[in-house]
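Structure record follows, encoded as structure tokens.
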Amino acid sequence: MSETIRVDIWSDIACPWCYLGKHRFEAGVAAFNETHPDVRVEVESHSYELAPDTPLDFSGSEIDFLVKHKGMPAERVEQMLGEMTEMAAAEGVTFDFTRVQHANTQRAHRVLHLAKDQGVQAAVQERLFRAYFAEGESMSDPEALARLGAEAGLAPDDVRAALDSEAYGEAVQRDITRAQMLGITGVPFFLLEQQYGVSGAQSAEAFTGVFEQVLELNRAAAAAAGDPDTAGDPAVAESAAQ
245 MSETIRVDIW
255 SDIACPWCYL
265 GKHRFEAGVA
275 AFNETHPDVR
285 VEVESHSYEL
295 APDTPLDFSG
305 SEIDFLVKHK
315 GMPAERVEQM
325 LGEMTEMAAA
335 EGVTFDFTRV
345 QHANTQRAHR
355 VLHLAKDQGV
365 QAAVQERLFR
375 AYFAEGESMS
385 DPEALARLGA
395 EAGLAPDDVR
405 AALDSEAYGE
415 AVQRDITRAQ
425 MLGITGVPFF
435 LLEQQYGVSG
445 AQSAEAFTGV
455 FEQVLELNRA
465 AAAAAGDPDT
475 AGDPAVAESA
485 AQ
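Residue numbering for the sequence shown follows this note's numbering, starting at 245 and increasing by one per position.
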């Protein structure tokens, strides 16, 4: 009988750890499915804004933003981003922070909710991550978002309409409110089966191990479904970020 593990993921397009974490998570899923081909990992992505106070018309590089937002010396920011670039490259993920245009990601999140409704959320999210971190695309530019969405399966006119949609704006805010209720203070954050939390861009091996544990817990819960003395209470087990 086919089994399912549900995973809800909170992330932000402007978060490099989220982009890297997405690839590590997917590698973990692939490795898990090699040994458990009948277990489906069902994923839904949710909105989170790391810097919601960024103006929609902000003009500047990632270095400019971090120097002002974090109060860090430019030299330290450049060193930190260089280290991140090297680490990601070793895992097949491209960062080019010399091209990144820091942006408010509210509009990008609306596009991701449209993509979820149309069944192409994963493809659109990957396209936006790559466009932002490797190609210097602006996540605040409606025409850029329409073009990028089209490349990943959305109709450009649907993307433009989503940017002005109150319903999609409310959907983004609901995700953020739920994150606050769950006590999420950083992303990426992975919630498995509505019970077990994993914080940070963990390794592919760590994700595979978590899937194994959750599968065992699901099976134990199913076996004990008629016995309240052994079913136990749900628990949230957070692992530390890198």
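Quick reminder that beta carbons are idealized off the backbone N, C-alpha and C, glycines included.
Tell me which residue opens and which closes the alpha helix (DSSP H) that residue i is part of.
| i | result |
| --- | --- |
| L310 | 306 to 314 |
| T237 | No answer is possible for residue 237: it lies beyond the span of the chain, which begins at 245 and ends at 486. |
| Y412 | 410 to 426 |
| V355 | 350 to 361 |
| V251 | No alpha helix (DSSP H) contains V251, which is instead part of the beta strand (DSSP E) from 247 to 255. |
| R284 | Here R284 belongs to no alpha helix (DSSP H); instead the beta strand (DSSP E) covers 283 to 291. |
| R343 | Looking at the DSSP string, R343 is not in any alpha helix (DSSP H), and its letter there is neither H nor E. |
| G393 | 386 to 395 |
| P260 | 260 to 279 |
| E330 | 318 to 333 |
| E379 | No alpha helix (DSSP H) contains E379, which DSSP labels as neither H nor E. |
Check the C-beta distance from residue i over to residue j and give it rounded, since I have them as a contact under 8 Å.
| i | j | result |
| --- | --- | --- |
| W207 | I428 | Only positions 245 to 486 of the chain appear in the structure, and residue 207 is not among them; the question remains open. |
| R268 | Q446 | 6 Å |
| T452 | G272 | 5 Å |
| F455 | V285 | 7 Å |
| L264 | A332 | 5 Å |
| L392 | R371 | 5 Å |
Report the residue from the options whose alpha carbon sits nearest the alpha carbon of residue i.
| i | options | result |
| --- | --- | --- |
| A394 | F373, A367, A450, S384 | A367 |
| L358 | A274, L389, G336 | L389 |
| E410 | Q350, A469, E278 | Q350 |
| I257 | H280, A295, T248 | A295 |
| A465 | E437, V337, G441, V442 | E437 |
| D340 | T248, M324, E247 | M324 |
| G326 | I307, G397, K314, G315 | I307 |
| H313 | A423, R320, T298 | T298 |
| T248 | H280, Q345, E370, V344 | H280 |
| S384 | A406, R371, H346 | H346 |
| N277 | P386, L459, D408, A467 | L459 |
| D419 | T342, R354, E270, C259 | R354 |
| V344 | C259, A448, G444 | C259 |
| L398 | E449, Q369, L461 | Q369 |
| A423 | A406, A334, L407, G441 | G441 |
Tell me where the beta strand (DSSP E) around residue i begins and ends.
| i | result |
| --- | --- |
| F496 | Outside the displayed span of the chain (245 to 486) sits residue 496, for which this structure offers no information. |
| V403 | It is not in any beta strand (DSSP E) - V403 instead sits in the alpha helix (DSSP H) that spans 400 to 407. |
| G441 | 440 to 443 |
Using only the heavy atoms of the ligand MG, determine whether one of them is closer than 7 Å to the beta carbon of residue i.
| i | result |
| --- | --- |
| D385 | With respect to the ligand MG, the structure shown offers nothing to examine, as it has no ligands at all. |
Counting pairs of Cβ atoms below 8 Å between the stretch 298 to 315 and the stretch 404 to 420, do you hit three or more?
-> no
Determine contact between the stretch 373 to 384 and the stretch 286 to 297, defined as no fewer than three beta-carbon pairs at a distance below 8 Å.
-> no
Would you check if the stretch 400 to 410 and the stretch 352 to 369 touch, i.e. whether three or more CB-CB distances between them fall below 8 Å?
-> yes
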